[in-house]
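Q: Start counting the sequence shown at 80; every next residue gets the next number (the numbering used here).
Cβ coordinates follow ideal geometry from the N, Cα and C atoms, glycine included.
Below is a structure I'd like to ask you about.
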Amino acid sequence: MTGRERLLNSIWNKPVDRRAVSPFIYKNFVKAFFQDPDVDVIQGTIDVYRHFGFDLMHRNINVRGDDVHVEGPNWRVVVKEQDSRGERVITTQVETPERILTQVKSVKQLTKYHSVSATVEYLIKDRTDFDQFVKYQPPVPKLALDELRRAKELIGDEGITAPWISGVFNTLADYRKLDDLLVDALMDPGFFHAMARYFQGRLLEYTREILDEGVDALSYAGNIATGTMVGPHFFQRYILELEKEVIDEIQGKGTAVLYHNCGDARSLFEVYNELGFRAYESIAEPPYGDSTLKDAIERFAEHITLLGNIDQIDFLRTATPEEVKEKGEQILTLAEKRPSFILGTTDFLEEGTPHANLFALSSSVSQN
């Protein structure tokens with residue numbers, strides 16, 4: 080069985096020759112592996128999965144559209160950057176005939192190869208700001224999918240493509256402050272749903288372009304609306320329908336959705352069953368999440384393939400290779416109750432993870 084067949088069969092709940100093992104390898108680890116910030120990440124990701132004997136699920140493929148910086152007749156964009164004390168501040172101003180919208184992002188370098196970006200000022204501060212999007216934002220731009228085409232050609236039957244898109248609520252949180260969004264849903268649901276439907280429509284437009292190009296799976300970011308941030312009742316009332324419509328369209332065209340929540344999720348398992356996605360990650364246990372694999376195995380619908388749940392923050396970096404192999408085998412034994420399961424991590428691998436531990440993780444599937 081090829082790596083591609085093994086992963087696709089695992090995701091679509093079909094027989095496999097063995098359990099797949101596919102930790103989330105982000106571009107920072109690829110750069111660290113080669114000690115090169117300018118490494119070819121598309122080829123490098125393939126090489127890293129191959130080096131450790133992992134089943135190749137390629138997620139380092141940029142397919143996301145730029146929905147803000149594309150200019151139009153009434154949508155002028157000005158970007159300014161300033162570096163100060165190890166922090167890069169990016170200020171984006173959108174000028175329309177009626178007003179100026181401002182977004183400020185802070186970018187900090189956490190490690191040699193990994194930086195994080197946080198929005199500290201959001202484009203949509205009130206209803207009138209949102210009205211500017213409806214009135215003046217240019218149409219959804221055509222995506223540059225060269226990376227996806229190249230990755231598919233390079234991967235062949237060795238693995239699958241699974242680039243990232245944001246879910247609807249994650250997309251909303253890019254434009255409006257999270258606590259304001261939560262209040263909007265409760266106090267001004269008309270405003271909340273107008274924003275949600277507008278950005279859902281644009282999300283669907285560029286997602287359809289990705290689907291038309293052809294992709295095996297989409298890693299679907301749903302990590303903002305966590306169990307402790309919104310809870311099951313809020314999710315069911317205000318989010319479920321929006322996400323399900325997108326997921327249904329994606330999977331209706333034969334592409335699997337791998338839903339991602341690397342935080343608290345325990346209270347949402349039954350709600351997630353209603354979303355209908357094919358696969359779920361990452362079953363993060365305390366202190367980084369509130370889930371356990373045993374609980375997830377018992378409560379998730381059987382048609383959903385679970386992926387996880389090796390802790391890559393502490394355990395995978397500090398354990399011995401023998402402990403890693405034993406932990407992998409324990410997880411696989413527990414997961415025997417599931418028709419489909421993929422051994423992986425609770426998020427992307429940390430730089431500095433001992434290579435011996437990754438070889439041990441890969442070898443843990445040989446006994447199961």
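What residues are listed by DSSP as bridge partners for W91?
A: Looking at the DSSP assignment, W91 forms no beta bridge with any residue, so it has no partner.
Q: Nearest by alpha-carbon distance to R155: which of D146, S163, Q161 and D295 is it?
A: The shortest Cα separation from R155 among D146, S163, Q161 and D295 belongs to D146.
Q: Between A439 and P311, what straight-line distance do the alpha-carbon atoms span, to the nearest angstrom?
A: Their Cα atoms are separated by approximately 37 Å.
Q: Spatial neighbours of Y128 within its chain, please: CB distance less than 6 Å, with the 5 preceding and 5 following residues excluded, ordered by chain position.
A: Here the set comprises L135.
Q: What are the boundary residues of the alpha helix (DSSP H) that V247 is part of?
A: It spans V247 to Y254 - the alpha helix (DSSP H) in which V247 sits, taken as one unbroken run.
Q: Under a three-way DSSP split, which group does N388 fall into?
A: Correct three-state label for N388: strand.
Q: Let me make sure I understand the geometry here. Which of T399, R396, K373 and A398 has the alpha-carbon closest to that of G387?
A: When each option's Cα is compared against that of G387, the closest is K373.
Q: What does a CB cutoff of less than 6 Å around T124 pick up in its chain, not counting 5 residues either side in sequence?
A: Result list for T124: V109, H137 and N139, in chain order.
Q: If you draw a straight line from the alpha carbon of R378 to that of E353, how long is it in whole angstroms?
A: Distance between the alpha carbons of R378 and E353: 12 Å.
Q: With a Cβ-Cβ cutoff of 7 Å, do Q211 and V247 count as a contact?
A: Not closer than 7 Å, so no.
Q: Does the contact criterion of 3 or more C-beta pairs under 8 Å hold for the segment 150–168 versus the segment 100–119?
A: Touching, no, given that fewer than three Cβ pairs across the two stretches are closer than 8 Å.
Q: Does DSSP put E177 in a helix, a strand or coil?
A: Looking at E177 - three-state DSSP - the assignment turns out to be coil, as it is neither helix nor strand.
Q: Got a sec? Which residues, its chain only, sit under 6 Å from G132 by beta carbon, not counting five neighbours each side?
A: If we look at G132 and ignore the five residues flanking it on each side, its Cβ neighbours are S441.
Q: Suppose the cutoff is 8 Å on Cβ atoms and the five residues either side in sequence are ignored; what does the same chain contact list for L450 look like?
A: Beyond the ends of the chain as shown, which are 80 and 447, falls residue 450; an answer cannot be given.
Q: I need the DSSP call for I239, collapsed to helix, strand or coil.
A: In the structure shown, I239 sits in a strand (DSSP, three-state: E or B).
Q: If you draw a straight line from the C-alpha of P418 to the C-alpha of I326, how long is it?
A: Roughly 22 Å separates the two Cα atoms.
Q: Return the CA-CA distance between T384 and V336, expressed in angstroms with no decimal places.
A: So the alpha carbons of these two residues sit roughly 10 Å apart.
Q: Beta-carbon within less than 6 Å of T170's beta-carbon, same chain only, minus the 5 sequence neighbours each way: which residues are those?
A: Same-chain partners within the cutoff: K159 and V183.
Q: How many angstroms separate the CA atom of K204 from the CA atom of G269?
A: One C-alpha to the other measures close to 16 Å.
Q: Only counting the same chain, and skipping five residues up and downstream in sequence, which positions put a Cβ closer than 6 Å to that of N141?
A: Excluding residues within five positions, the ones whose Cβ falls inside 6 Å are E226.
Q: Report back the beta-carbon spacing between V444 and R98 to the nearest angstrom; my notes put them in contact at under 8 Å.
A: The Cβ separation is near 5 Å, so the contact holds.
Q: Under the three-state reduction of DSSP, which class applies to K204: helix, strand or coil?
A: Looking at K204 - three-state DSSP - the assignment turns out to be coil, as it is neither helix nor strand.
Q: In chain order, which continuous runs of the alpha helix (DSSP H) of length 4 or greater are located wholly inside the segment 382–441?
A: List check, alpha helix (DSSP H) in window: 394–397 and 400–413.
Q: Just mark E360 as buried or exposed, buried being the case when its beta carbon has 16 or more other beta carbons within 10 Å.
A: Buried is the call here.
Q: I need the DSSP call for T124, collapsed to helix, strand or coil.
A: Reduced to three states, the DSSP call for T124 is helix.
Q: Which residue comes first and which comes last in the alpha helix (DSSP H) that contains K231?
A: It spans D225 to I234 - the alpha helix (DSSP H) in which K231 sits, taken as one unbroken run.
Q: For S196, tell me which candidate among S185, E320 and R357 has the shortest Cα-Cα distance.
A: For the residues S185, E320 and R357, the minimum Cα distance to S196 belongs to S185.
Q: Alpha carbon to alpha carbon, how far is Q409 from E401? Give it in angstroms, no decimals.
A: Roughly 12 Å separates the two Cα atoms.
Q: Could you say which of T190, R228 and N249 lies nearest to Q122 if we only look at CA atoms?
A: Considering only alpha carbons, the answer is R228.
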